[in-house]
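Enquirer:
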Amino acid sequence: MSPVNIKYVGVSGNWSKLCELLNRHKKLVCKSNEGTGGNGVYLVSNQFELENAEYKIYNRSRSMAVCPFYEIENEFRVVVLDGKVKLVYRKNIPYLLGDGVSTLRQLLVAYLKENIDCPVSFNIPDEDYSKIFNSGKKYYLHWKHNLGQGANPEIVQDKELVGRLSDLALRAAKVVNIHFASIDIIETKNQYLVLEINSGVMMEYFSQLNDSNYQIAKDIYKEAIESMLS
39 MSPVNIKYVG VSGNWSKLCE LLNRHKKLVC KSNEGTGGNG VYLVSNQFEL
89 ENAEYKIYNR SRSMAVCPFY EIENEFRVVV LDGKVKLVYR KNIPYLLGDG
139 VSTLRQLLVA YLKENIDCPV SFNIPDEDYS KIFNSGKKYY LHWKHNLGQG
189 ANPEIVQDKE LVGRLSDLAL RAAKVVNIHF ASIDIIETKN QYLVLEINSG
239 VMMEYFSQLN DSNYQIAKDI YKEAIESMLS
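The sequence shown begins at 39 in this note's numbering and counts up by one.
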């Protein structure tokens, strides 16, 4: 809760608890509770970055969500409506592929020549640009899996995986008693965890990829409206 509003929740402050979380987990993700699309989300690894993130978030939001940073192997979105799963897709972050010869800077230049409209806001430390990565090694261009930040949606076809993700998403939706939601699930260290439950179901970037995705999104929204009015 922001310093301006914290008096309404009966606690003395946030800073000591935030520092305790940072010391325990070494890396934290801080985000506004009102934001969408990966905007206003910060990865912090020291007190200066934590203070800077808190300042920026509380300048435009009344509350902030904080969680430990996880090394994410895959992130999925599951769209749920009235206790049924309507869509499951993976969010693929753009990456550069090492060749054992080219520097990261050279790989990035070649990538941008082929992807002129790439929307990614690169999260590359200065010291990495001159590094040469082994052939076949992936270097991800960002740590965020948001479609608006450059990730690409891929509908999951594996029935076993769809079943596993669907079960977790439906249980999460039931816990918070939500009927229409998009639920983000991460795969990390061979386990699946619910990252967040979104009451705002946004499929703008998903629907723009091709006509098939557009029709899928249209059908889901149509069914949601009909359910609301029935």
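All C-beta atoms, glycine included, are put in the ideal place defined by N, C-alpha and C. Since the model is a prediction, treat every value here as computed from it, not as a measurement.
Just tell me which of L142, L206 and L199 has its CA closest to the CA of K176.
Expert: Of L142, L206 and L199, the residue nearest in Cα terms is L142.
Enquirer: Using the C-alpha atoms, what's the distance from K55 back to I258?
Expert: The straight-line gap from Cα to Cα measures roughly 41 Å.
Enquirer: Can you give me the C-alpha to C-alpha distance between K221 and N215, rounded to a whole angstrom?
Expert: Reading off the sequence shown, one finds Ile at residue 221, where the question assumed Lys. Taking the straight line joining both Cα atoms gives about 13 Å.
Enquirer: Considering Cα atoms alone, identify which of M102, T226, A255 and I170 is closest to V139.
Expert: Among M102, T226, A255 and I170, the Cα nearest to that of V139 is on I170.
Enquirer: I need the straight-line Cα distance from V67 to V104, nearest angstrom please.
Expert: If you take the alpha carbons of V67 and V104, they lie about 6 Å apart.
Enquirer: At 4 residues or longer, what runs of the alpha helix (DSSP H) sit wholly inside the segment 193-256?
Expert: Here the runs fully enclosed are 197-214 and 242-246.
Enquirer: Per DSSP, which one or two residues make a beta bridge with C156?
Expert: According to DSSP, which records beta bridges pairwise, C156 is partnered with nothing at all.
Enquirer: Tell me the rounded alpha-carbon separation between I154 and Q144.
Expert: Approximately 15 Å, taken between the alpha carbons.
Enquirer: Among residues of its own chain, excluding the 5 on either side of L81, which ones have a beta-carbon nearer than 7 Å to its beta-carbon?
Expert: Only K65, V67, F107 and W181 meet the Cβ criterion.
Enquirer: Since I believe Y127 is in contact with E235 (beta carbons under 8 Å), could you give me their beta-carbon distance rounded to a whole number of angstroms?
Expert: The question names Glu, but residue 235 in the sequence shown is Ile. 16 Å between Cβ atoms; not a contact.
Enquirer: Look at S99 and E58 and say whether their C-beta atoms are less than 7 Å apart.
Expert: Contact flag unset, no.
Enquirer: Taking the alpha-carbon positions, what's the F160 to L179 distance?
Expert: The straight-line gap from Cα to Cα measures roughly 6 Å.
Enquirer: Could you tell me the boundaries of the beta strand (DSSP E) in which A103 lies?
Expert: Counting along the chain, the beta strand (DSSP E) containing A103 begins and ends at M102 to P106.
Enquirer: Should R62 be labelled buried (16 or more other beta-carbon atoms within 10 Å of its own) or exposed?
Expert: By the neighbour-count rule (16 or more Cβ atoms within 10 Å), R62 is not buried but exposed.
Enquirer: List the DSSP bridge partners of E113.
Expert: The partner list for E113 (beta bridge, DSSP) reads I224.
Enquirer: With DSSP as the reference, label Y167 as helix, strand or coil.
Expert: In the structure shown, Y167 sits in coil (DSSP, three-state: anything other than H, G, I, E or B).
Enquirer: I want to know whether the segment 79-96 touches the segment 115-131 - three or more CB-CB distances under 8 Å.
Expert: Touching, no.
Enquirer: On the CB-based measure, 16 or more other CB atoms within 10 Å of its CB, does K69 come out buried or exposed?
Expert: Buried is the call here.
Enquirer: In terms of residues, what are the limits of the beta strand (DSSP E) holding L179?
Expert: Per DSSP, L179 belongs to no beta strand (DSSP E) and is neither H nor E.
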